[in-house]
Amino acid sequence: MPKDSGIGASSKRREDVRFLTGAGNYTDDINIHGQAYVHFLRSDVAHGRIVSLDTSAAAAMPGVVRIFTGADFEGVGGLPCGWQVTDRHGQPMAEPGHPVLAQGKVRHVGDPIAAVVAESPEQARDAAEAIEAEIEELPAVIDMKAALAEGAAKVHDDLPSNLCYDWGFVEENKGAVDAAFAEAAHVTTLELVNNRLVANPMEPRVAIGDYARATGESTLYTTSQNPHVIRLLMGAFVLGIPEHKLRVVAPDVGGGFGSKIFHYAEEAFCTFAAKALARPVKWTSSRSEAFMSDAHGRDHVSKIELALDADNNFTALRTETYANMGAYLSTFAPSVPTWLHGTLMAGNYKTPLIYVNVKAVFTNTVPVDAYRGAGRPEATYQLERVIDKAARELGVDPIALRRQNFVTEFPYQTPVAVVYDTGDYNATMDKLEEIADIAGFAARRAESEARGKLRGLGVNCYIEACGIAPSNLVGQLGARAGLYDAATVRVNATGSISVMVGAHSHGQGHETAFPQVVAEMLGIDESMIEIVHGDSSKIPFGMGTYGSRSLAVCGSAMVRATEKIINKAKKIAAHLMEASEADIELKDGQFSVAGTDKSVAWGDVTLAAYVPHNYPLEDIEPGLEETAFYDPSNFTYPAGAYACEVEVDPETGKVTVERFSAADDFGNIVNPMIVSGQVHGGLGQGIGQALLENCAYDPETGQLLSASYMDYAMPRADDVPFYAVDHSCATPCTHNPLGVKGCGEAGAIGSPPSVVNAVIDALQSGGKAVTHIDMPMSPSRVWSAMQG
Amino acid sequence: MELSDSKVIAADRETVWEALLSPDVLKDCVPGCQEMSGNAEDGFEATVVQKVGPVKATFKGGVTLSDMVAPESLTLTGEGKGGAAGFAKGAARVRLEAGEDGTTVLSYEVEAKVGGKLAQLGSRIIDGFARKMADQFFTRFQEVLEGPAEADGPETETTDDAKKKGWFKRVISG
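Top line first, the protein sequences correspond to chains A and B.
Per the working numbering, the first sequence starts with residue 20, numbered consecutively.
Per the working numbering, the second sequence starts with residue 260, numbered consecutively.
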């Protein structure tokens with residue numbers, strides 16, 4: 020019987036009322052009296068030297084307040100990188116400067132050259148056109164391997180080459196891995212591209228800087244997933260503003276998918292300019308600007324090799340990946356192809372020996388950073404594609420080959436550093452076979468073939484590391500921040516509760532799910548609990564939302580704080596009932612003395628805390644408010660099995676996704692409806708990557724070619740099927756108090772390989788000797804592959 | 260992108276050559292040209308209004324002539340800046356060869372590049388656009404020298420000879 024409130028209930032998303040009725044308060048809805056508007060003049064060449072920049076004519080244009088250039092930011096810090104990777108030889112990565120406005124050179128199409136602040140957005144745009152920028156175009160490096168070739172043009176003149184780092188993991192295992200390959204009975208090799216994507220949240224980025232002369236306080240309103248991270252990075256490293264004089268507010272945010280984690284130049288600019296001009300400065304990104312200024316995702320070129328013994332056991336895995344960093348290091352870019360990717364290469368399998376090599380490369384393209392899944396989709400894609408290819412080469416069932424190699428005993432120490440605490444991969448595969456009706460596939464294929472279509476079935480597993488992260492561990496790995504989170508539970512006098520959380524909700528439904536947890540613990544109605552997030556002046560120092568961490572990390576902090584509330588409330592209740600604290604029980608919002616009929620209600624206790632007339636003042640303080648910080652002891656490891664069925668039109672190469680099934684183990688579930696919604700969204704993005712989306716650059720000139728929805732194909736409703744989603748196979752996380760694992764990225768991580776596997780299966784069923792097609796599998800690519 | 264083509268023009272090579280160096284001819288032939296000034300030695304300044312897919316812009320830029328071997332070959336190199344629309348630049352290598360009956364065979368190879376918003380929004384259509392631009396340019400160039408293309412049918416017989424001649428030929432032949 021499904022619950023109707025508390026943990027496990029599909030409570031309707033309360034925030035949707037304002038989102039769906041146009042009552043949301045997004046950053047662009049905020050207008051501050053006297054605000055000016057900024058327009059950024061951006062480079063339209065990929066690489067060039069700024070010969071001269073004449074702003075005099077533009078400055079004389081109507082409404083122009085001031086024009087800023089790179090010269091105004093000399094002496095101001097550049098945008099910092101939050102993660103330092105150490106290379107195979109023990110050396111730190113190459114870390115170039117990242118100025119707020121270009122200084123000396125432009126390094127990608129979209130690199131901001133100058134900023135025009137004017138009375139209206141139109142005046143700012145018009146004046147930007149009047150800036151005379153003479154830029155000597157330099158050869159652009161776009162292809163990663165060409166960028167590493169001898170004599171290639173350098174993105175950063177002060178670095179020895181375009182190599183950011185050459186990372187080996189685990190370097191000490193390299194010899195043993197090579198030896199295992201030499202002894203293998205079978206080796207399957209696959210070269211593949213993980214296509215560059217643009218995140219495309221529905222709401223483009225916006226920033227408003229405001230400066231209060233009376234108090235000397237700066238405020239930044241911004242579209243961020245983590246206001247405290249922005250305050251820390253911008254305050255300490257870019258602008259030198261102490262925390263107590265800098266407030267960062269991220270109000271309603273319309274999607275992020277990772278692209279709103281990072282600290283961007285426009286945020287620093289608006290905060291800087293607001294102080295310089297002593298008036299608010301607002302920037303609203305256009306969709307075109309978003310394509311060339313939001314951090315992009317993925318863009319890996321990989322070779323993966325899988326070694327098997329004569330019994331088809333995986334004996335070793337070896338990969339070589341080129342990872343595109345773009346022109347500058349975005350905030351967490353170096354961590355994505357390394358610690359969020361190499362540590363997941365074991366997948367769901369007990370492969371004993373693994374070696375991962377990653378070369379991160381600077382190119383004249385938009386910086387690349389985390390995008391829904393961040394490193395884990397790239398790992399999953401390689402692994403699940405090479406396993407599928409191996410099964411086809413060996414003539415064995417792809418599901419059976421996977422099952423044979425599953426990790427089955429937990430905790431499991433992988434050869435790539437991480438320890439899986441719990442899981443049951445056979446259970447999710449059993450569930451998948453059931454919900455995907457794998458047994459009925461042959462009949463569906465026959466039916467498709469009768470209509471002249473090829474039908475294919477693709478299956479894959481995935482595992483991800485979520486709940487980032489144990490601070491002491493990520494500190495050793497190069498993170499320049501702790502990754503705990505925090506919550507303050509403020510019980511009001513009448514018993515209602517405000518919970519201030521470090522996590523940020525930008526589509527995840529925290530405002531609904533988090534109260535369910537507190538309501539369950541206290542036995543009170545969810546509607547009495549409100550979540551406050553997104554304003555650094557209101558919430559405790561938390562690290563925000565990414566890596567499917569909110570419930571596992573911030574939710575755990577909220578549980579700890581609520582436990583403190585319960586302990587104190589029991590003391591108050593014991594005093595009110597003249598009983599021993601040890602005998603007090605809390606159930607359904609009533610405190611009772613065990614073994615008696617004495618009880619006081621939740622509201623009596625909270626009122627006593629704030630009106631302490633009859634109160635143990637000698638033992639405890641008045642008030643009922645507690646804060647907890649929670650630092651996890653391990654990552655969480657959501658895992659699952661996905662199946663995709665496609666039809667391919669042999670005449671045109673058009674792929675249609677007919678069925679998609681997802682069996683996930685997310686541990687305990689707080690709100691099943693929200694979890695299903697998260698999976699649905701992730702699947703949409705994964706299918707989009709597999710079939711439609713591609714961020715294209717001209718390989719010679721570095722011009723961005725896909726910067727509108729005419730050329731960048733987002734998935735639409737008719738591109739995806741009705742999904743079969745199940746998360747009943749739950750092995751609760753062993754180390755956080757809720758037993759939750761995180762569900763936000765799974766769909767995007769787990770779906771691309773099964774789509775590709777299904778297309779290959781369809782083509783091979785039609786007698787085509789096709790073993791791989793790179794994403795996106797557009798009709799032209801599929802058709803060309805079919806022609807041999 | 261690159262494209263090449265050739266046209267047979269009913270005029271001798273010297274006439275065609277002279278026309279290629281004339282700012283007035285170029286103004287008439289460059290599609291969307293609003294202004295054209297300058298000369299063959301120092302280069303030309305031009306203002307061109309064009310619409311590429313969804314992007315309409317005024318391009319300001321220059322055209323220079325180089326590799327001039329009269330009356331055989333030259334290279335026209337141009338670059339136009341369209342403000343927020345981005346930029347377009349290109350080069351046309353033109354060769355003139357004597358054809359039959361006093362005609363000239365004009366062959367050209369065009370290489371064009373676009374950047375900024377033009378590339379971001381128009382990359383799918385830019386090849387077709389450049390082809391159309393080049394085709395319009397050389398078709399008009401032919402018309403300037405020869406007069407409008409003759410329609411089929413007997414009426415053309417009665418067309419006034421002077422009218423049939425292109426204006427450039429009329430001017431230079433007095």
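Where a beta carbon is used, it is the ideal one built from N, C-alpha and C, also for glycine.
It should be emphasised that the depicted structure is a prediction, and the values quoted were computed from it without experimental measurement.
{"Query": "Neighbouring residues, chain A, relative to K372 (chain B) (Cβ below 7 Å)", "Result": "T720"}
{"Query": "Pick from A:A398, A:G394, A:P396 and A:R421 that is closest to D407 (chain A), judged by C-alpha positions", "Result": "A:R421"}
{"Query": "Cutoff 8 Å: A726 (chain A) Cβ touching any chain B Cβ", "Result": "yes"}
{"Query": "K279 (chain A) versus P115 (chain A): straight-line alpha-carbon distance, rounded", "Result": "22 Å"}
{"Query": "According to DSSP, residues forming a beta bridge with V774 (chain A)", "Result": "DSSP, once it has assigned bridges, lists no residue as partnering V774 (chain A)."}
{"Query": "Residue range of the unbroken alpha helix (DSSP H) whose run includes H247 (chain A)", "Result": "P246 to L252"}
{"Query": "A76 (chain A), DSSP secondary structure in three states", "Result": "helix"}
{"Query": "Proximal residues to E666 (chain A) (C-beta, below 6 Å), its chain only, five neighbours per side dropped", "Result": "S467, K472, R474, T675 and E677"}
{"Query": "Length of the line joining the Cα atoms of C663 (chain A) and A159 (chain A)", "Result": "39 Å"}
{"Query": "Residue closest to L60 (chain A), alpha-carbon to alpha-carbon, out of A:E34, A:V128, A:T334 and A:G109", "Result": "A:V128"}
{"Query": "Residues near M547 (chain A) by beta carbon distance below 7 Å, same chain, minus five either side", "Result": "G514, S515 and I516"}
{"Query": "Cα-Cα separation, P21 (chain A) to M692 (chain A)", "Result": "11 Å"}
{"Query": "Chain-ordered chain B contacts of F310 (chain A) [CB-CB under 9 Å]", "Result": "Q379"}
{"Query": "Meets three-Cβ-pair contact criterion under 8 Å: the segment 98–111 of chain A and the segment 26–37 of chain A", "Result": "no"}
{"Query": "Nearest-angstrom Cα separation, counted from G686 (chain A) out to A743 (chain A)", "Result": "19 Å"}
{"Query": "Enclosing beta strand (DSSP E) for T811 (chain A) [first to last residue]", "Result": "In the structure as shown, chain A begins at 20 and stops at 807. Residue 811 (chain A) is therefore absent and cannot be evaluated."}
{"Query": "Partners in chain A for G382 (chain B), counting only beta-carbon separations shorter than 7 Å", "Result": "Note that residue 382 (chain B) corresponds to Ser in the displayed sequence, not to Gly. Within chain A, the residues near S382 (chain B) are L724 and D730."}
{"Query": "Identity of the residue in A:S304, A:H58 and A:D440 nearest G758 (chain A) by Cα", "Result": "A:D440"}
{"Query": "C-beta contact flag for S321 (chain A) and E339 (chain A) at 8 Å", "Result": "yes"}
{"Query": "Supposed close pair I768 (chain A), E483 (chain A) - CB separation, criterion 8 Å", "Result": "5 Å"}
{"Query": "C-beta contact flag for A389 (chain B) and Y367 (chain B) at 8 Å", "Result": "no"}
{"Query": "Check whether D616 (chain A) and L595 (chain A) have beta carbons under 8 Å apart", "Result": "no"}
{"Query": "Cβ-based burial, V136 (chain A) [other Cβ within 10 Å; buried from 16]", "Result": "buried"}
{"Query": "Buried/exposed call for M794 (chain A), threshold 16 Cβ in 10 Å", "Result": "buried"}
{"Query": "Three-way DSSP call (helix, strand, coil) for F38 (chain A) in this model", "Result": "helix"}
{"Query": "Beta bridge counterpart(s) of V268 (chain A) as assigned by DSSP", "Result": "A:Y240 and A:D554"}
{"Query": "Boundaries of the beta strand (DSSP E) in which A188 (chain A) is found, first to last residue", "Result": "Ala is not the amino acid found at residue 188 (chain A); the sequence shown has Phe there. F188 (chain A) -> beta strand (DSSP E) spans L182 to F188."}
{"Query": "Cα-Cα separation, V125 (chain A) to Y240 (chain A)", "Result": "27 Å"}
{"Query": "Residue-level contact to chain B via CB, E148 (chain A), 8 Å cutoff", "Result": "yes"}
{"Query": "Alpha-carbon to alpha-carbon, I431 (chain B) and G412 (chain B)", "Result": "Here the model assigns G412 (chain B) a pLDDT of 46, short of 50, so the residue's position is not dependable, and the following value carries that caveat. Taking the straight line from one Cα to the other gives about 29 Å."}
{"Query": "8 Å Cβ cutoff, S799 (chain A) in contact with chain B", "Result": "no"}
{"Query": "Distance between I688 (chain A) and S30 (chain A) (C-alpha atoms, nearest Å)", "Result": "12 Å"}
{"Query": "Those residues which DSSP pairs with F87 (chain A) across a bridge", "Result": "A:A134"}
{"Query": "Helix, strand or coil at K310 (chain B) [DSSP, three-state]", "Result": "strand"}
{"Query": "Burial state of N586 (chain A) (16 or more Cβ within 10 Å)", "Result": "exposed"}
{"Query": "Whether V119 (chain A) touches G228 (chain A) by CB criterion (8 Å)", "Result": "no"}
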